[in-house]
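Notes follow the structure.
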Amino acid sequence: MPSKSKVGFVNSDSGSGLGGNNGGIDRNNSRNSEDDSEDERLLAEQRASADKQLQEMDGLDGYEKIGVPGALAQLPAPKAKRQEFDAKAGAKTFEKLPKVTEEIARQTLIEHSPKKCCNGQGHLRTMPITKVENTLAWHYSLESFVESRFTCWSYEPYTGQQFDGRENGRAPGPWDIELHPKEMFADEDREITVPHSASVKPCHHCSQSGRVPCRKCRGKKTVSCSGCSGQGKKMQTQGAVPRKVVCGDCDGHGKKHCPVCQGNGDEQCSTCKGQKRLVITVKMKCEWRRKDVDFIEEKTDMPDELVRNVTGKVIFEEEAESVSPITNFPYRAVNEASRKLISAHDKNFSGQRVIRQRHQLRGVPVTECHYEHDSRLGAFFVYGFENMLYIENPPSGGCSLL
């Protein structure tokens with residue numbers, strides 16, 4: 001069986017491209033890191049310009065768009081069959097939550113108060129609490145695990161190696177290739193070569209010559225002398241008098257042999273490495289991503305987002321290829337949020353494939369307590385099974401708690 005190409009997904013090798021022509025550079029032609037960086041930039045520009053020609057190649061059946069290296073083209077997933085939810089599917093079973101009592105709320109306040117409070121903890125046991133309202137916040141979350149697929153051309157020098165070409169069969173469609181994530185709801189990227197997509201083509205960078213104009217001198221064979229800025233002479237102080245003298249770096253010519261091509265005007269093609277032909281394949285990148293949305297129904301003045309990161313009672317959870325909205329929860333806002341979020345996920349992921357979904361409804365206890373302290377009225381909130389404490393508008397000065 002022919003072997004598959006093993007080049008990277010984005011073929012962006014930006015090496016010097018000098019091949020075996022590195023040696024023999026004299027001291028006057030020594031180069032610094034800035035020169036190398038500029039050469040690499042010019043090489044990248046040349047290659048990017050040449051890679052545009054790949055878009056004119058004959059594509060593969062089923063691959064409407066194929067990007068060039070470094071510019072992926074997304075291939076939309078086949079349109080999924082519209083979900084028709086059974087009305088009975090929305091009838092869920094919910095667990096009951098334990099009731100939060102006033103005694104528990106007061107004890108939580110005492111446990112969270114600083115032990116070295118300026119007033120001590122004793123006053124909390126007798127401090128007037130004028131009103132206690134035990135409520136439950138509802139946290140509904142939906143997770144969709146989606147898959148996206150992208151393609152681009154990739155290539156490597158052809159040196160006579162075997163390759164998996166179209167003579168071995170028709171290339172499968174982009175969504176016919178079977179790929180599975182290692183773990184559900186975990187982000188992952190994977191790159192493969194599309195089977196039977198390889199072919200040998202003349203190098204599009206050098207027009208099958210194996211050589212390209214030098215990226216440094218653009219084929220001129222010489223470059224401006226950096227020692228005299230191309231003037232042929234430079235200022236030199238002899239005794240106390242500055243004089244113009246012939247530049248020793250270029251012998252007064254103002255130019256010197258290009259250090260990259262050694263004055264030849266061209267260099268080995270960095271794309272085909274002088275082989276004149278390329279094995280061109282179609283690379284595919286598959287991305288799996290978890291997309292999260294949620295809804296919080298919380299009726300007190302406590303900030304809603306506090307509910308998100310504390311524990312509560314999971315009263316309902318479900319996982320399937322596609323989940324149906326909740327329809328029979330006693331609070332209409334939760335039912336409506338479930339319907340809207342699931343519908344929005346179906347619309348927002350057009351072009352992607354939804355592999356798996358799961359949703360969950362949690363009840364988080366929130367106790368609102370109004371108190372009177374030093375003739376001032378205030379409120380505090382105890383929330384979550386961790387018994388977290390939130391104080392609304394704490395009075396300035398005095399104890400940091402109340």
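For the sequence shown, full-length UniProt numbering assigns the number 1 to the initial residue and increments by one for each residue that follows. We put the CB at the ideal spot given by N, CA and C, even for glycine.
Excluding the 5 residues preceding and the 5 following residue i in the sequence, name in chain order all residues of the same chain whose CB lies nearer than 8 Å to its CB.
i, result
"residue 243", "235, 236 and 237"
"residue 371", "127, 128, 129, 130, 377, 378, 379, 380 and 402"
"residue 177", "192, 194, 195 and 284"
"residue 233", "244, 245, 246, 247 and 252"
"residue 392", "301, 302, 378, 379, 380 and 381"
"residue 50", "204, 205 and 271"
"residue 330", "none"
Let me check understanding here. Comparing Cα to Cα, which of the options lies closest to residue i?
i, options, result
"residue 254", "268, 348, 231 and 240", "231"
"residue 382", "373, 374, 366 and 160", "366"
"residue 170", "310, 146, 199 and 51", "199"
"residue 338", "216, 270 and 323", "323"
"residue 184", "354, 50 and 215", "354"
"residue 212", "341, 257, 71 and 264", "264"
"residue 280", "201, 240 and 209", "201"
"residue 308", "290, 62 and 139", "139"
"residue 296", "209, 304 and 257", "304"
"residue 223", "187, 258 and 229", "258"
"residue 219", "267, 256 and 249", "267"
"residue 148", "103, 344 and 72", "72"
"residue 182", "208, 145, 160 and 172", "145"
"residue 359", "368, 290, 349 and 64", "290"
Could you have a look at residue i and say whether DSSP puts it in helix, strand or coil?
i, result
"residue 106", "helix"
"residue 299", "coil"
"residue 342", "helix"
"residue 273", "coil"
"residue 291", "strand"
"residue 142", "strand"
"residue 441", "In this structure the chain extends from 1 to 402, so residue 441 is not present and cannot be described."
"residue 238", "strand"
"residue 137", "strand"
"residue 249", "coil"
"residue 266", "strand"
"residue 48", "helix"
"residue 332", "helix"
"residue 29", "Confidence at residue 29 is low in this model, with a pLDDT of 41, below 50, so its placement is unreliable and the value that follows should be read with caution. Helix."
"residue 82", "The predicted model places residue 82 with a pLDDT of 48, which falls under 50 and marks its position as unreliable, so this point remains unresolved."
"residue 306", "helix"
"residue 75", "coil"
Buried or exposed, going by whether 16 or more other CB atoms sit within 10 Å of the CB of residue i?
i, result
"residue 204", "buried"
"residue 180", "exposed"
"residue 110", "exposed"
"residue 385", "exposed"
"residue 320", "exposed"
"residue 215", "buried"
"residue 41", "exposed"
"residue 137", "buried"
"residue 61", "exposed"
"residue 292", "exposed"
"residue 275", "buried"
"residue 162", "exposed"
"residue 164", "buried"
"residue 91", "In this prediction, residue 91 has a pLDDT of 49, which is less than 50 and means its spatial position is unreliable; what the coordinates show is noted afterwards. When all chains shown are included, residue 91 counts as exposed."
"residue 159", "exposed"
"residue 332", "exposed"
"residue 45", "exposed"
"residue 260", "buried"
By Cβ distance below 6 Å, which residues in the same chain neighbour residue i in space, the five residues on each side in sequence not counted?
i, result
"residue 166", "196"
"residue 388", "310"
"residue 24", "Caution applies to residue 24, whose pLDDT of 32 falls short of 50 and renders its modelled position unreliable; the value that the coordinates give is listed next. Within the same chain, residue 24 has no close Cβ partners at all."
"residue 217", "223 and 258"
"residue 273", "157"
Tell me which same chain residues have a C-beta within less than 7 Å of the C-beta of residue i, skipping the five on either side of it?
i, result
"residue 54", "68, 153 and 204"
"residue 11", "The predicted position of residue 11 is uncertain, since its pLDDT is 34 and thus under 50; a value taken from the coordinates is nonetheless stated next. The answer, listed in chain order, is 69, 154 and 155."
"residue 77", "175, 351, 352 and 353"
"residue 342", "142, 323 and 325"
Checklist entry - What runs of the beta strand (DSSP E), each 3 residues or longer, lie entirely inside the region 162-221? => result 188-193, 199-202 and 211-213
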